[in-house]
Each structure stands twice: as structure tokens, then as C-alpha cells.
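Read through the structure below, which is laid out as C-alpha cells, and then see the notes.
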Amino acid sequence: MSARAKSDGRTGCGRRQFLKTGLAATGGWALLNSCLLRVPAVAAEGKDVLGVQVDDLPLLGPYLLPTEAPHERIRVAFRGTDDKTRLAGGRLTYGLKSVGEKETAFTAADKHVLELKDLAPDAEYQYRLKLGDYESPVHRFRTSPMPRQRAQRTKLALFFDFHCHAPQSVEAGEKGAGDFFTRFGHAMEDIKKFAPDMLVLGGDIVQKGSRREEYETFFRIMREVCANSILVPCPGNHEWVTDKDLSIYSDYLPAVGNGPASDRAANWYFSFGGVGWQMRRTGMGGEWLRNSIRSLKQQHGADTIVDVQHHQVYQWAAKSTDLGKQGVCDLFDQEGGVRLCLFGHRHIHQRSLPILFQGSGQATTKEKSEYPADTKGTIYMQSPSMWYQYTQALENELVANNGKPKFEGEYTGYGEMTITPEALLTETFVYEYNGKTRHECVDQFRMLRPKA
Ligand SMILES: [Fe+2]
550 MSARAKSDGR
560 TGCGRRQFLK
570 TGLAATGGWA
580 LLNSCLLRVP
590 AVAAEGKDVL
600 GVQVDDLPLL
610 GPYLLPTEAP
620 HERIRVAFRG
630 TDDKTRLAGG
640 RLTYGLKSVG
650 EKETAFTAAD
660 KHVLELKDLA
670 PDAEYQYRLK
680 LGDYESPVHR
690 FRTSPMPRQR
700 AQRTKLALFF
710 DFHCHAPQSV
720 EAGEKGAGDF
730 FTRFGHAMED
740 IKKFAPDMLV
750 LGGDIVQKGS
760 RREEYETFFR
770 IMREVCANSI
780 LVPCPGNHEW
790 VTDKDLSIYS
800 DYLPAVGNGP
810 ASDRAANWYF
820 SFGGVGWQMR
830 RTGMGGEWLR
840 NSIRSLKQQH
850 GADTIVDVQH
860 HQVYQWAAKS
870 TDLGKQGVCD
880 LFDQEGGVRL
890 CLFGHRHIHQ
900 RSLPILFQGS
910 GQATTKEKSE
920 YPADTKGTIY
930 MQSPSMWYQY
940 TQALENELVA
950 NNGKPKFEGE
960 YTGYGEMTIT
970 PEALLTETFV
980 YEYNGKTRHE
990 CVDQFRMLRP
1000 KA
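Numbering (our numbering), first residue to last: 550 to 1001.
Here it is, written out as C-alpha cells:
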């Protein structure tokens, strides 16, 4: 791990600067030094569950969802949660310089997914929702540059196996429910400070996919992050085992719609600033995957592709050893351009060297942290869970993690990715179960992009 300044008081990565302003009273965002700075929103009432506030605002959202053309269209989703807001209409106002430039009105409905169209590419928008009597703080989102063009800086948070529980489960004494709140509480301020533009949700977002109260809790405890970042989800087994047709999942997280007709909720793709993202259900490969990779490269102009699914692809762990999947990994090799494959499920952090499938995996380099644009092979990375760790990573000659937690024992965590025109920087942060060790960076690598 390279030595880095610790300017933000967190362990590891000190590249961010957090500016404090005296603008809290305005709520929402303030324009200063050409960047939008986050200032605390008006505090909501609600329940304190083991240090985590589960607010009682009369709505879920607004939260942001992608489209196939995020340089000109973004979706905003929300729904009322009491009689008043469910029966109310309202309007969404938005704009570049001020929140009042444009307006979309809507009538009462059980849920809303508004598609904002004709947006300017590569721009930061402000928006505000009025739903009945409720008025949200001013939030923001970024649009993608035009296809084939790169964004100056895009920040993504990577969450796998979040396993959101509901306060009811804590009250009922359900095993692990209290731990979820305690451990999420260790990380929540860091997640807010990172202020991602996009939030990758790699499955097992909730503990039990049939429980709407867990999705609801997710949107309440992650309200600020979800209002200011585009959600990029795929489901995991904890969604689809008890929500077999993914109707509840899709109710909250409707997909972009370019997946196969047989499984559109779980498979889709889009590109943002020249980086293609393909979200898949475990095992989805073959022609759909081939077409997705080709479309991302040719139609969407992606120079780099990140593949995301819930279950492990390459993994060396106490509970299982999975050495690649035919129809997926060999396709990556054939098509090229899929530089990174992300997954979770086993609740550990592990990351491979760039490897070609060839049956059991062949490293193309021994370099552990810096990968030139012409590096062959795909890096396979498994992210830790925000809930608990239940398996131990094993050593293997193809494992490239360039750090380990300083502490003994178990951890939770998540990833942060920063994309610039030159590179994708991916970092994994972990937290000791008891919260004594905060935000420790245990892995960090940079993949350079091809020259534009
Ligand atoms: Fe899982």
C-alpha cells in the first residue's frame, strides 16, 4: 500500500478534501469554487436504531435511476408512504444554474418514476421534489458526457451484500438484525462524505426480498446518498429466493430494460463517460453477454467495461473455490475490454491479478496495483459485506490484494471507485466489527484507460 496523506482523519486514502461551510442553514447544496458542496439537509425526525437514524419522512426517495442514454435522460423515483403523500400530486423542479429552470408536474399515484429528458451532457443538475405538502432539500445528479467522451471525475460507491434489515427485526430479536445497524453505523458518515455520483448495488441489498420494510429502511437510512447518486443495481439470491419473479425488487429498482425478455429485471447495461457497466444475474452469459459487450463498445463507445453480478466468479475462500465460468470468462477473453468483474456473495474481500480464463486462470502480469491500458485479462474482485463476514479468503498465486486489515478478526466494508479520463482507481475499505478501526484501506489498484 502506498503511503498517503491522512488529511481527512481516516485511515488510508487522503486524496479527498472536505470543505466545511457555514451554509447548513440553507439545506441542500451550495455553489462555491465551481463545485457543489454538500451541506447537511434539514434533519428528519425518526427512530434511532443502534445509532442509525431511520427517518419517518412521509415518502421514499427521491432516488436516481439510470437510462440507456444517461447523457440526456435520467430517471427520478419516489413514492408517498402515508395517506397524504400517496394521494397527492406535485412537481419536480430542476436546472443547471438554479433548481427552478424546468418543471415536471405529476398527479397522484402509488409510486412515481419520472424520466427527465433533453438534459445537457456532462453537467451537474440540481433538483427538488414537491409531493403534496412535502418539499425535499435541493439534491443533485450528474449526466454522462456524450458517448465516447470521458467525464472529468466520476465517483462510485460499491456495495455488495448490504443485507439491509428493518427496525422491526431488531425489536423482534432476529439474529444479526442489530449487528446490521451497528456495522452500517460505522461506515455511514464515510459513505456520505465520499458523496458518490453512482452507487453500485451488487445484490443482497436486503436480507429477505419479500420484506418491503427492508427496502423501505434501505431508502430511509441511505436517503441522502440515494438522492444524489444514480443507483446501478443487480439482484442477489437474498432478493430472488423469496421474490421469485423479482416483482418487489423491480417495483423499487426498475431496470433500464435492455436485458433479455426472459430476465429483464436482472440483466441490463449502460455506459457513463466511456465506461460500460453490465449488470447480470448469476450465470447469465452466452449471446446476451456477447451482445452486451459489443453494444457497449460499438454503440455506446465504452473504452472500458466493468461487469457486475452477485455470485463469485473467480474466488479462493474457505467456503468455496470457484475457478471461472465457461460462457462468461472465456467470452471476456474473446471479446476483450472487460477489465474488471465485480461480485460479492461470500462476504470477504479478495481481488485477482488480471487473468485469462483458460480453464483455471492464467495471470497475465504479477503487477499488483498499476495496470497499463494494454494489460490483457480481467481482474476479478469480490467485495466485503456491510453486514458480517462468514468466510475467510485463501492465499492463491492469482490473488493480488495489496493489503490486509491491520487488525485481527472479522470485518465489514465497501468499495470506492474514482474514474478520471486516464484511469479507474478502485479502493476497498473495511471496518473492524467493533468499530475501533475505521475506514481502513486494504486494497487499491489503478487501471489505466486507452488513450482517447
Ligand atoms: Fe448472496
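Just so it is clear, CB atoms sit at the ideal spot from N, CA and C, and this is done for glycine as well.
In this text, all values refer to a predicted model and were calculated from it rather than measured experimentally.
Within 8 Å, strictly: CB atoms of residue i and residue j
| i | j | result |
| --- | --- | --- |
| residue 727 | residue 599 | yes |
| residue 770 | residue 747 | no |
| residue 618 | residue 645 | no |
| residue 995 | residue 929 | no |
| residue 959 | residue 937 | yes |
| residue 758 | residue 790 | yes |
| residue 820 | residue 859 | no |
| residue 707 | residue 891 | yes |
| residue 733 | residue 601 | yes |
| residue 608 | residue 595 | no |
| residue 702 | residue 870 | no |
| residue 893 | residue 931 | yes |
| residue 676 | residue 719 | no |
| residue 909 | residue 872 | yes |
| residue 998 | residue 922 | yes |
| residue 991 | residue 945 | no |
| residue 763 | residue 756 | yes |
6 Å Cβ shell around residue i - same chain, five flanking residues per side excluded
| i | result |
| --- | --- |
| residue 881 | 887, 927 |
| residue 610 | 626, 627 |
| residue 652 | 640, 642 |
| residue 544 | This structure does not reach residue 544, given that the chain is present from 550 up to 1001, and the question cannot be answered. |
Beta-carbon contacts of residue i that lie in its chain and below 7 Å, excluding the five residues immediately before and after
| i | result |
| --- | --- |
| residue 813 | 804, 806 |
| residue 1014 | Because the chain spans 550 through 1001 in this model, residue 1014 falls outside it and cannot be assessed. |
| residue 795 | 784, 788, 789, 814, 815 |
| residue 583 | Any reading at residue 583 must be qualified, since the residue scores a pLDDT of 32, below 50, and its modelled position is unreliable; the value itself is stated next. So the list is empty, once near-sequence residues are dropped. |
Residue i: CB within 7 Å of a non-hydrogen atom of ligand 1
| i | result |
| --- | --- |
| residue 792 | no |
| residue 871 | no |
| residue 661 | no |
| residue 604 | no |
| residue 714 | no |
| residue 753 | yes |
| residue 807 | no |
| residue 785 | yes |
| residue 879 | no |
| residue 894 | yes |
| residue 688 | no |
| residue 859 | yes |
| residue 710 | yes |
Supposed close pair residue i, residue j - CB separation, criterion 8 Å
| i | j | result |
| --- | --- | --- |
| residue 899 | residue 948 | 6 Å |
| residue 877 | residue 716 | The pair is not a contact, with the Cβ atoms about 39 Å apart (cut-off 8 Å). |
| residue 976 | residue 993 | 5 Å |
| residue 712 | residue 620 | Not a contact, Cβ separation roughly 34 Å. |
| residue 623 | residue 680 | Between residue 680 and residue 623 the Cβ distance is about 18 Å, and since that is not below 8 Å, they are no contact. |
| residue 741 | residue 687 | Rounded, the Cβ-Cβ distance is 16 Å, inconsistent with contact. |
| residue 845 | residue 801 | No, residue 845 and residue 801 are not in contact; Cβ-Cβ is about 25 Å, not under 8 Å. |
| residue 1001 | residue 699 | 6 Å |
| residue 776 | residue 674 | Wrong, their Cβ atoms sit about 12 Å apart, outside the cutoff. |
Sequence-distant residues of the same chain with beta carbon closer than 8 Å to residue i, five excluded per side
| i | result |
| --- | --- |
| residue 913 | 902, 903, 904, 905, 924, 925, 926 |
| residue 736 | 935, 961, 962, 963, 978, 980, 988 |
| residue 695 | 620, 670, 671 |
| residue 765 | 609, 630, 715 |
| residue 684 | 677, 678 |
| residue 829 | 783, 815, 816, 838, 856, 857, 858 |
| residue 851 | 820, 823, 824, 825, 845, 886 |
| residue 810 | none |
Residue i CB to nearest heavy atom of ligand 3 below 7 Å
| i | result |
| --- | --- |
| residue 869 | Looking for ligand 3 in the displayed structure turns up nothing; the ligands present are ligand 1. |
Below-8 Å beta-carbon distance, residue i vs any chain D residue
| i | result |
| --- | --- |
| residue 929 | The structure shown contains no chain D; it is built from a single protein chain. |
_Across the segment 829-841 and the segment 633-649, are there enough close Cβ pairs to call them in contact, namely three or more that are closer than 8 Å?_
no
_Cβ pair count under 8 Å reaching 3, the segment 817-826 against the segment 844-857_ = yes
*asked:* Quick check: the segment 690-703 against the segment 656-663, are at least 3 beta-carbon pairs closer than 8 Å?
replied: no
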